[in-house]
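So the structure is just underneath, and the comments pick up after that.
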Amino acid sequence: MTGAGVVEAGGAMQGAGSGHPPLLEVIDLSAGYGPYRALFGVSLAVVAGSALAVLGPNGAGKTTLARVITGLIRPTSGRILLDGEDVTGERAWRLARRALRHAPEGRSVFASLTVEENLLLQLGVAAGGAGTADALARAYELFPRLAGRRRQLAATLSGGEQRMLALAPVLARPPRLLVVDELSLGLAPVLLDQVYATLRGVREAGTTMIVIEQRVHHALDLADHIVVLDKGTVAFDGPAERLDLGTIGPTGGTARGS
Ligand code: ATP
Numbered sequence: 011m012t013g014a015g016v017v018e019a020g021g022a023m024q025g026a027g028s029g030h031p032p033l034l035e036v037i038d039l040s041a042g043y044g045p046y047r048a049l050f051g052v053s054l055a056v057v058a059g060s061a062l063a064v065l066g067p068n069g070a071g072k073t074t075l076a077r078v079i080t081g082l083i084r085p086t087s088g089r090i091l092l093d094g095e096d097v098t099g100e101r102a103w104r105l106a107r108r109a110l111r112h113a114p115e116g117r118s119v120f121a122s123l124t125v126e127e128n129l130l131l132q133l134g135v136a137a138g139g140a141g142t143a144d145a146l147a148r149a150y151e152l153f154p155r156l157a158g159r160r161r162q163l164a165a166t167l168s169g170g171e172q173r174m175l176a177l178a179p180v181l182a183r184p185p186r187l188l189v190v191d192e193l194s195l196g197l198a199p200v201l202l203d204q205v206y207a208t209l210r211g212v213r214e215a216g217t218t219m220i221v222i223e224q225r226v227h228h229a230l231d232l233a234d235h236i237v238v239l240d241k242g243t244v245a246f247d248g249p250a251e252r253l254d255l256g257t258i259g260p261t262g263g264t265a266r267g268s
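Reminder that position 98 of the sequence shown reads as 108 in the numbering used here, one-by-one numbering, no gaps.
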């Protein structure tokens, strides 16, 4: 199945019906690392206001797809359209300016800075600058756990707290299109529930999302469209209710309900 499957699915019809192109379209995309190819002719489409979950077992190419979409690595072939405009090979910072943000997997924080210094840096505004106080307050509102630790060095936070610190600035100033990679990594189940609830709120406020996940259960609750990658190709593309969990492979399949 191709990206057309997603366009047919639910919310994507808004885009087709209104004559607007999908917010993001990936067409026949291939990418890799040196001689190694990780993606083979991947196509998908994401309509404004929808949430797409990209699922699949380890090594399926999910993170590579996120990196290509957000401009961190260049595809070897294929095209990426943002608002109908070809942005293939565009640098990450340029895409970020066009409101495409990437919340990468892992804990990308500055260990030797405090929680608040990290937030100020990531919010991209100098202390006291316009909008700083509001954005900071929003970050603490989203993750109250961080508020009590604002003067603590990031290095001394727990793994889950570091993950929250990495996510807080992105969610405090939500972009138009958010690509979230493996939110579940390093988060205890109770925190994961909270973070997904936050993500749902951000989505309801209008942010379009691509959520890359191995924990199928959480992703299915959030997303209306699903793409399953397997060995770098699209194994399924369609509405969440049509997904046969057997297509996701051992990691994703057993993750449901975990
Ligand atoms: P996981 O769920 O385990 O994170 P994934 O679906 O996100 O997996 P990718 O991380 O995109 O998969 O990896 C796809 C393939 O590309 C894998 O075989 C991986 O080993 C390879 N790969 C990923 N990053 C690199 C890299 N920097 N250099 C070389 N190969 C890489």
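Cβ atoms here follow ideal geometry from the backbone N, Cα and C, with glycine treated the same way.
With respect to 6 Å, is the separation between the Cβ of residue i and the closest non-hydrogen atom of the ligand ATP below this value?
{"i": "T80", "result": "no"}
{"i": "K241", "result": "no"}
{"i": "E102", "result": "It should be noted that the sequence gives Ala, not Glu, for residue 102. Answer for A102: no, Cβ out of range of the ligand ATP."}
{"i": "A70", "result": "yes"}
{"i": "A269", "result": "Look at the range of the chain in this structure, 11 to 268, and you will see that residue 269 is not part of it."}
{"i": "T98", "result": "no"}
{"i": "A63", "result": "no"}
{"i": "A48", "result": "yes"}
{"i": "Y43", "result": "yes"}
{"i": "T74", "result": "yes"}
Looking only at its own chain, which residues have a Cβ that is under 7 Å from the Cβ of residue i, when we skip the five neighbours before and after it?
{"i": "A215", "result": "P184"}
{"i": "R101", "result": "G81"}
{"i": "I236", "result": "A63, L65, F246, G248, A250, L253"}
{"i": "P179", "result": "L129, Q132, L133, A149"}
Is it buried or exposed, residue i, if we count other Cβ atoms within 10 angstroms and call 16 or more buried?
{"i": "G242", "result": "buried"}
{"i": "P45", "result": "exposed"}
{"i": "M23", "result": "Residue placement at M23 is poorly supported in this model, since its pLDDT is 37, which falls under 50; the coordinates still yield a value, given next. Exposed, by the Cβ-count rule."}
{"i": "E95", "result": "exposed"}
{"i": "V238", "result": "buried"}
{"i": "P154", "result": "exposed"}
Who are the Cβ neighbours of residue i in its own chain at under 8 Å, not counting the five residues just before and after it?
{"i": "A136", "result": "Residue confidence is low: A136 scores 48 on pLDDT, short of 50, so the model does not pin down where it sits. No coordinate-derived value is stated."}
{"i": "A121", "result": "L163, A164, A165"}
Return yes when the Cβ of residue j is within less than 7 Å of the Cβ of residue i, no when it is not.
{"i": "I90", "j": "V36", "result": "yes"}
{"i": "V244", "j": "V221", "result": "no"}
{"i": "D240", "j": "G51", "result": "no"}
{"i": "L49", "j": "A41", "result": "yes"}
{"i": "R160", "j": "V205", "result": "no"}
{"i": "L197", "j": "G158", "result": "no"}
{"i": "L202", "j": "M174", "result": "no"}
{"i": "L146", "j": "L181", "result": "no"}
{"i": "D38", "j": "G88", "result": "yes"}
{"i": "L33", "j": "L187", "result": "yes"}
{"i": "A113", "j": "L177", "result": "yes"}
Tell me where the alpha helix (DSSP H) around residue i begins and ends.
{"i": "G211", "result": "199 to 214"}
{"i": "L92", "result": "Taken as a continuous stretch (DSSP letters only), L92 belongs to no alpha helix (DSSP H), being part of the beta strand (DSSP E) at 87 to 92."}
{"i": "G169", "result": "169 to 182"}
{"i": "L232", "result": "226 to 232"}
{"i": "R77", "result": "72 to 79"}
Which residues mark the beginning and the end of the beta strand (DSSP E) in which residue i is found?
{"i": "I37", "result": "34 to 43"}
{"i": "G248", "result": "243 to 249"}
{"i": "D240", "result": "235 to 240"}
{"i": "T218", "result": "218 to 222"}
{"i": "A55", "result": "46 to 56"}
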